[in-house]
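In the UniProt record's numbering, the protein residues as written are 1 to 458.
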């Protein structure tokens with residue numbers, strides 16, 4: 001009753017507007033708007049931020065240091081993606097801290113559709129075409145900028161090709177042809193401290209993925225072989241990790257790994273976790289499995305290695321994984337079955353710690369992104385019942401895999417494929433880009449608790 005009294009004029013206005021405008025009024029109210037949503041670790045919707053009508057495509061948010069950053073396209077009079085925009089929010093309140101529309105020579109969509117931003121050590125690193133910028137997260141003030149050749153228009157790049165620690169910034173600079181530079185910079189000033197030119201063989205390809213710990217920088221390559229067609233090549237089924245001393249940039253060792261291209265490397269104490277794809281040999285028409293491999297970062301010795309079949313997963317590629325100090329978490333579907341489950345492996349031994357089924361149909365859940373907080377693994381699932389289907393945000397306990405809560409998305413059908421993008425976690429908040437109707441947003445902005453009530457359990 002108190003809610004009705006407090007918002008009587010708003011409800012009256014809404015009813016009157018719909019009554020007067022009729023079908024056209026409802027059509028406007030039912031339009032979907034891109035919205036940034038924040039969920040707490042209890043499954044409660046804590047805040048929503050609807051974007052302006054000119055907001056277009058976005059991969060989704062990144063988060064760190066108490067901030068959430070969302071970049072994407074802005075519609076103009078003649079283009080759906082006529083400008084590129086960065087917006088930064090306070091993770092707790094959802095307040096917009098700053099916004100920027102940097103301009104360049106290339107199509108804004110090429111920047112918005114690739115990873116152009118990364119948060120590390122209180123800084124936002126932003127790749128704007130052939131320029132790297134270091135930006136203060138709280139204010140949006142540019143701290144330094146330097147030339148960096150990274151973006152080949154109109155191609156797609158893999159990641160940012162850089163990783164920042166408190167004492168150094170390690171990054172790759174593409175020099176053209178088969179050459180690239182490995183550089184170590186001071187993260188505070190951007191000043192170059194060390195540099196080495198690395199030549200890639202014509203029988204190698206790379207995604208320019210980089211990782212580093214206190215002493216070592218790791219780069220990946222994949223071998224290729226000539227195909228029957230002139231000037232064409234195919235993956236020969238071997239990927240390589242090369243380690244460099246982070247002070248001198250002298251090569252320390254290389255390790256060959258059977259399978260396709262490496263898609264992820266994560267340092268963990270004195271260990272490097274490596275994920276690589278399956279490899280299909282076009283000549284023998286056979287497939288060798290990719291794997292998740294733990295390597296000693298000092299000796300290159302394999303500590304453990306798991307393939308999809310060893311984990312009782314389908315022989316498709318292992319998805320991008322999440323990792324903390326004790327556990328690596330990956331999406332999996334069982335052999336001969338269409339279900340999706342999350343498998344947690346010990347980082348020390350590769351042994352399965354727990355596994356939890358999320359959906360009975362992995363065609364509807366496969367490849368959804370995930371993020372982890374200190375205590376929860378967060379991802380999405382599709383629940384289907386006769387004549388009813390629903391997409392949910394779900395949280396699992398990191399220690400046990402137990403389903404803690406599920407939050408139903410408001411606009412189910414429009415979001416199913418829209419969530420194949422970046423999601424983020426920071427502190428006790430989980431962030432994702434959603435699509436909400438104008439009337440849903442209106443009700444949420446009046447009283448968020450009244451509208452959402454309790455999230456469903458399953």
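Note that beta-carbon positions come from the ideal geometry of N, C-alpha and C, so glycine has one too. All values derive from a computational prediction rather than experimental measurement.
On a CA-only basis, which of 264, 183, 134 is nearest residue 248? Give me that one, please. Residue numbering aside, residue 248 sits at position 248 when the chain shown is read from its first letter. With distances taken between Cα atoms, residue 248 lies closest to 183.
By DSSP, does residue 444 sit in helix, in strand, or in coil? The sequence position of residue 444 within the chain shown is 444, counting from 1. Residue 444 falls in the helix class under three-state DSSP.
If you run the structure through DSSP and keep just helix, strand and coil, what is residue 135? Indexing the chain shown from 1 puts residue 135 at position 135. Residue 135 falls in the strand class under three-state DSSP.
State the start and end residues of the unbroken alpha helix (DSSP H) segment that holds residue 178. Residue numbering aside, residue 178 sits at position 178 when the chain shown is read from its first letter. No alpha helix (DSSP H) holds residue 178; DSSP gives it neither H nor E.
Only counting the same chain, and skipping five residues up and downstream in sequence, which positions put a Cβ closer than 8 Å to that of residue 35? The residue given as residue 35 occupies position 35 in the chain shown. These residues qualify, in order along the chain: 48, 49, 50, 51, 433, 434, 435, 436, 441.
Which residue from 168, 196, 289, 258 puts its Cα closest to that of residue 244? Walking along the chain shown from the start, residue 244 turns up at place 244. It is 196.
Residues in its own chain within less than 6 Å of residue 300 by CB, not counting five upstream and five downstream? In the chain shown, the residue the question calls residue 300 occupies position 300. Counting only Cβ-Cβ distances below 6 Å, and skipping sequence neighbours, we find 253, 255.
DSSP puts residue 40 in a beta bridge; with which residues? Here residue 40 refers to the residue found at position 40 when the chain shown is read from its first residue. DSSP output for residue 40 lists 429 as bridge partner(s).
Evaluate residue 310 with the Cβ neighbour count: other Cβ atoms within 10 Å of its Cβ, from every protein chain shown; 16 or more gives buried, anything less gives exposed. Against the chain shown, residue 310 aligns to sequence position 310. Looking at its Cβ environment, which holds fewer than 16 other Cβ atoms inside 10 Å, residue 310 is exposed.
What is the rounded straight-line gap between the Cα of residue 116 and the Cα of residue 69? Residue numbering aside, residue 116 sits at position 116 when the chain shown is read from its first letter. Residue numbering aside, residue 69 sits at position 69 when the chain shown is read from its first letter. C-alpha separation (whole angstroms): 11 Å.
Do you know how far the Cα of residue 375 is from the Cα of residue 356? For this step, residue 356 is matched to residue 356 along the chain shown. For this step, residue 375 is matched to residue 375 along the chain shown. Whole-angstrom Cα-Cα distance: 16 Å.
Going by DSSP in three states, residue 150 sits in which element: helix, strand or coil? What you label residue 150 is simply residue 150 of the chain shown in a count that begins at 1. Residue state, collapsed to three classes: coil.
Is residue 329 buried or exposed, if buried means 16 or more other CB atoms sit within 10 Å of its CB? As a first step, residue 329 is located in the chain shown; it is residue number 329 there, counting from the start. Result: buried.
Determine whether the beta carbon atoms of residue 266 and residue 323 lie at a separation below 8 Å. The residue given as residue 266 occupies position 266 in the chain shown. The residue given as residue 323 occupies position 323 in the chain shown. Against a cut-off of 8 Å, the Cβ pair of residue 323 and residue 266 comes out as a contact.
Given a cut-off of 8 Å, decide if residue 295 and residue 347 are closer than it, judged by their beta-carbon atoms. Position 347 of the chain shown, counted from the start, is the residue given in the question as residue 347. Position 295 of the chain shown, counted from the start, is the residue given in the question as residue 295. It is not a contact, given that the beta carbons lie outside the stated cut-off.
To the nearest angstrom, report how far apart residue 86 and residue 94 are at their CA atoms. Translated into the one-based positions of the chain shown, residue 86 becomes position 86. Translated into the one-based positions of the chain shown, residue 94 becomes position 94. Taking the straight line from one Cα to the other gives about 15 Å.
What does the alpha-carbon distance come out to for the pair residue 122 and residue 64? Sequence index remark: in the chain shown, residue 122 carries index 122 (1-based). Sequence index remark: in the chain shown, residue 64 carries index 64 (1-based). Looking at the two C-alpha atoms, the distance is approximately 8 Å.
By how many angstroms is the C-alpha of residue 285 removed from the C-alpha of residue 430? Translated into positions along the chain shown, residue 430 becomes position 430. Translated into positions along the chain shown, residue 285 becomes position 285. Distance between the alpha carbons of residue 430 and residue 285 is about 43 Å.
Could you check what DSSP says for residue 484 in three-state terms: helix, strand or coil? The requested residue 484 is not part of the displayed model; the chain covers only 1 to 458.
Helix, strand or coil at residue 111 [DSSP, three-state]: Locating residue 111 in the chain shown gives position 111, counting from the first residue. It is helical.
Our contact map puts residue 222 next to residue 261 with C-beta atoms below 8 Å; I'd like the distance itself, whole angstroms only. Locating residue 222 in the chain shown gives position 222, where the first residue counts as 1. Locating residue 261 in the chain shown gives position 261, where the first residue counts as 1. That belief holds up - the Cβ atoms of residue 222 and residue 261 are roughly 5 Å apart, short of 8 Å.
Cβ shell of residue 220 (< 6 Å), same chain only, five flanking positions each side left out: For the purposes of this step, residue 220 is taken as the residue at position 220 of the chain shown. If we look at residue 220 and ignore the five residues flanking it on each side, its Cβ neighbours are 209, 241, 262.
Go through its chain and collect everything with a Cβ distance to residue 304's Cβ below 7 Å, but skip five positions before and after it. On the chain shown, residue 304 is found 304 positions in, with the first residue counted as 1. Cβ within range, chain order: 294, 349, 350.
Neighbourhood of residue 428 by C-beta, 7 Å cutoff - its chain only, sequence neighbours within 5 removed: The sequence position of residue 428 within the chain shown is 428, counting from 1. Correct list, in chain order: 40, 41, 373.
Does residue 438 come out as helix, strand or coil in the three-state DSSP assignment? Residue numbering aside, residue 438 sits at position 438 when the chain shown is read from its first letter. Here residue 438 sits in helix by DSSP.
Which residues in the same chain as residue 198 place their Cβ atom closer than 8 Å to its Cβ, once the five residues preceding and following it in sequence are excluded? The residue you call residue 198 lines up with position 198 of the chain shown. Contacts found: 179, 180, 181, 182, 219.
Specify the secondary structure class of residue 91 as computed by DSSP and reduced to three states. Working through the chain shown from its first residue, we reach residue 91 at position 91. DSSP places residue 91 in coil when its eight states are reduced to three.
How big is the Cα-Cα spacing for residue 8 and residue 89? Taking the chain shown and counting its residues from 1, one reaches residue 8 at position 8. Taking the chain shown and counting its residues from 1, one reaches residue 89 at position 89. Its pLDDT being 48, under 50, residue 8 is placed unreliably by the model, and the measurement read from it follows with that caveat. Their Cα atoms are separated by approximately 31 Å.
Residues that residue 251 bridges to, as DSSP identifies them: Mapped onto the chain shown, residue 251 falls at position 251. Answer is 244.
Taking its Cβ as the centre, do 16 or more other Cβ atoms sit within 10 Å of residue 96, making it buried, or is it exposed? Translated into the one-based positions of the chain shown, residue 96 becomes position 96. Classification of residue 96: exposed, given that the 10 Å Cβ count is below 16.
Keeping to the same chain, check which residues put their C-beta closer than 8 Å to that of residue 200; ignore five residues upstream and five downstream. Translated into positions along the chain shown, residue 200 becomes position 200. 178, 179, 180, 206, 221.
Let me confirm a value: residue 101 is counted as buried when at least 16 other C-beta atoms fall within 10 Å, else exposed. Which label applies? Taking the first residue of the chain shown as 1, we reach residue 101 at position 101. So residue 101 ends up on the exposed side.
Report buried or exposed for residue 282, applying the criterion of at least 16 other Cβ atoms within 10 angstroms of its Cβ. The residue given as residue 282 occupies position 282 in the chain shown. By the 10 Å Cβ count, residue 282 comes out exposed.
Exposed or buried, what is residue 167 when buried is set at 16 or more other beta-carbons lying within 10 Å of its beta-carbon? As a working mapping, residue 167 is identified with position 167 in the chain shown. Flag for residue 167 reads exposed.
Using the beta-carbon count (16 or more within 10 Å), is residue 289 buried or exposed? As a working mapping, residue 289 is identified with position 289 in the chain shown. It is buried - the Cβ of residue 289 has at least 16 other Cβ atoms within 10 Å.
Looking at the structure shown, is residue 203 part of a helix, part of a strand, or coil, going by DSSP? For this step, residue 203 is matched to residue 203 along the chain shown. In the structure shown, residue 203 sits in coil (DSSP, three-state: anything other than H, G, I, E or B).
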